[in-house]
Amino acid sequence: MHISEGVLSAPVLVTGALLAAGGIAVGLKKMDYEKIPEVAVLSSAFFVASLIHVPIGPSSVHLVLNGLLGVLLGWMAFPAILVALTLHAVLFQFGGLSSLGVNTVIMATPGVIAYYLFNLPIRKGNHLLSTLAGFGAGATGIALGAILVALSLISTGESFLGVAKLVLVAHLPVMVIEGIITGFCVIFLKKVKPEVLEVGK
Amino acid sequence: MHLEEFAEGSSFLHRLDPRVKFLAIIPYVLVIAIMHGQLGPFAALLASTLLTAVARLDMRKLLSRLVTVNVFVFLLWVFIPFSYPGETIFQIGPLTATREGILYALSITLKTNAIVLATIAILGTSEVFSLAHALIHLKVPDKLVHLFFFFYRYMTVLHEEYSRLKNAMLIRCFKAGTNMHTYRTYAYLVGMLIVRSYERSQRIYQAMLCRGFQGRFPVASHFRLRKGDVVFGLSMAVVTVMLAII
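Below is the structure:
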């Protein structure tokens, strides 16, 4: 879920960079030195998890998990996603240096929103409520991300309307799958390692 | 997991000071990103191709990388020519392709490839850890650089954990399909990765405390600015200014 280099217009790139800088500043403030290994190694886990391809009918989608990342890390999702995207930009050139800000906002903002909406019900709720909240977090991450991608494209030019619509439609199945996986995953974490759900505080 | 595909080599670009690389590439990439028209992006693509030639990269790897990047660009070619207002060139059924639309899609394609090639040639030819070290010198917040350092250091470790878990699944005859069992299994796989990464991070932090971590990592090798670095930095600055003027 990121936009390549050379596509977006200057105002969109600048807005993205400024918003990202704000989010990263808040995230870094919350991240004390002793938290750095925690946040970093969790980010590595998410990076590896994003290599997993989940079958859906005849095709497959790869996991994004920005909703789950947000639920675990809160505002620290901003720096976590920034470092992952930087590595992508340097090593794989998916997304890139100039679109780093926009792409960070696209992926991290839904995560932070998912944190505020769903972290508490996941931690405090019963089995059913936690599962539903997990589903909500996973689905929100993808849905808002796709909306932000579409908005960035449309703000660049009206002619991107077709692509933007396609992005939204293509993410509908991903949204459901991420929701299901995040739902199961938070229950697993709650049973096995509830401390992980407290990292973002 | 072999990630630094282009970092091995001994070309002029491989030996440059990473600090200079960042100072050179960031304005270069930004100027290309905000370009309009076709002439500027075309000139930029030429300049970037020249850079990859200087870096003497493996052509096969480079091309396969370009193919992946251009998948998204291809998607734009399907839509943009038909939705950009302007002079009609040809029609397919109800769709009309405009001259302006095609030129716009061409401009984006040139820009994307120019930036990607430059990034591979300049940043891809350095080791990731030396790039991180350079960021400290360039006054990037140290928390951010430490985060990046640990993130990259433990990615390969976590990837090994992932392979182990996946093998365990395969040994038990796991077959992925479109069903709840598959999704639940993948969810637990992700959960287990998170648990292991969390536990490892606790051990890492304890090990850092044992070694008296004071918020800084000592490094054995230091950067030294050489004549080649200055020449490269200046020529990149000249090229960037020229591209900005076009």
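Going down the list, the protein sequences come from chains A and B.
Counting from 1, position 108 in the first sequence corresponds to residue 108 in the working numbering; the numbering is continuous, with no gaps.
With the second sequence counted from 1, adding 1000 to any position gets you the working numbering.
Every residue gets a Cβ at the ideal spot worked out from N, C-alpha and C, and that includes glycine.
Item, Value
"Heavy atom of the ligand NAD within 8 Å of Phe1074/B beta-carbon", "Looking for the ligand NAD in the displayed structure turns up nothing, as the structure carries no ligands at all."
"Nearest to Asn1113/B (by Cα), restricted to the options Ile1102/B, His1137/B, Thr1096/B, Leu1063/B", "Leu1063/B"
"Whole-angstrom distance between Leu100/A and Val26/A, CA atom to CA atom", "17 Å"
"Option nearest Ala1168/B by Cα separation, candidates Pro1094/B, Ala1047/B, Thr1156/B, Tyr1186/B", "Tyr1186/B"
"Ala170/A, buried or exposed, once every other Cβ within 10 Å from all chains shown has been counted against 16", "exposed"
"Span separating the alpha-carbon of Leu1118/B from that of Thr15/A", "According to the sequence shown, residue 1118/B is Ala rather than Leu. Taking the straight line from one Cα to the other gives about 24 Å."
"Near-chain B residues of the region 88–99 of chain A (beta-carbon distance less than 8 Å), N- to C-terminal order", "Ala89, Val90, Leu91, Phe92, Gln93, Phe94, Gly96, Leu97, Ser98, Ser99"
"Where Leu1045/B falls: helix, strand or coil (DSSP)", "helix"
"Contact set for Phe81/A: own chain, Cβ-Cβ below 6 Å, skip 5 residues either direction", "The amino acid at residue 81/A is misidentified as Phe; the sequence shows Ile. Excluding sequence neighbours, Ile81/A sits near Thr104, Met107, Ala108."
"Rounded separation between Val1020/B and Phe1232/B - CA only", "8 Å"
"Within 8 Å of chain A by C-beta, residues of the region 1162–1184 of chain B in sequence order", "Tyr1162, Ala1176, Gly1177, Thr1178, Met1180, Thr1182, Tyr1183, Arg1184"
"8 Å CB neighbourhood of Leu1193/B in its chain, flanking five on each side removed", "Leu1158, Glu1161, Tyr1162, Leu1165"
"Ile1092/B, DSSP secondary structure in three states", "strand"
"Test: Pro1041/B CB closer than 9 Å to a CB of chain A", "yes"
"Under 8 Å by beta carbon: chain B residues contacting Pro79/A", "Lys1143, Leu1144, Leu1147"
"Unbroken beta strand (DSSP E) run spanning Ile36/A, endpoints", "Element bounds for Ile36/A: not the beta strand (DSSP E) but the alpha helix (DSSP H), 36–49."
"The beta strand (DSSP E) enclosing Ser1010/B, as first and last residue numbers", "Ser1010/B -> no beta strand (DSSP E), and no H or E assigned at all."
"Same chain, Cβ closer than 6 Å to Pro121/A, five either side skipped, listed in chain order", "Leu129, Ala133"
"Per-residue burial, Asp1058/B [other beta carbons within 10 Å of its own, 16 or more giving buried]", "exposed"
"Strand pairing of Thr1098/B, partner residues [DSSP]", "Thr1088/B"
"Rounded straight-line distance, which links the Cα of Leu1030/B to that of Ser1246/B", "Checking the sequence shown, residue 1246/B turns out to be Ile, not Ser. For Ile1246/B and Leu1030/B, the distance between alpha carbons rounds to 14 Å."
"Interface residues of chain B facing Phe135/A [CB-CB closer than 8 Å]", "Those within 8 Å of Phe135/A in chain B number zero; the least Cβ separation is about 11 Å."
"C-beta neighbour in chain A for Leu1050/B, strict 9 Å", "no"
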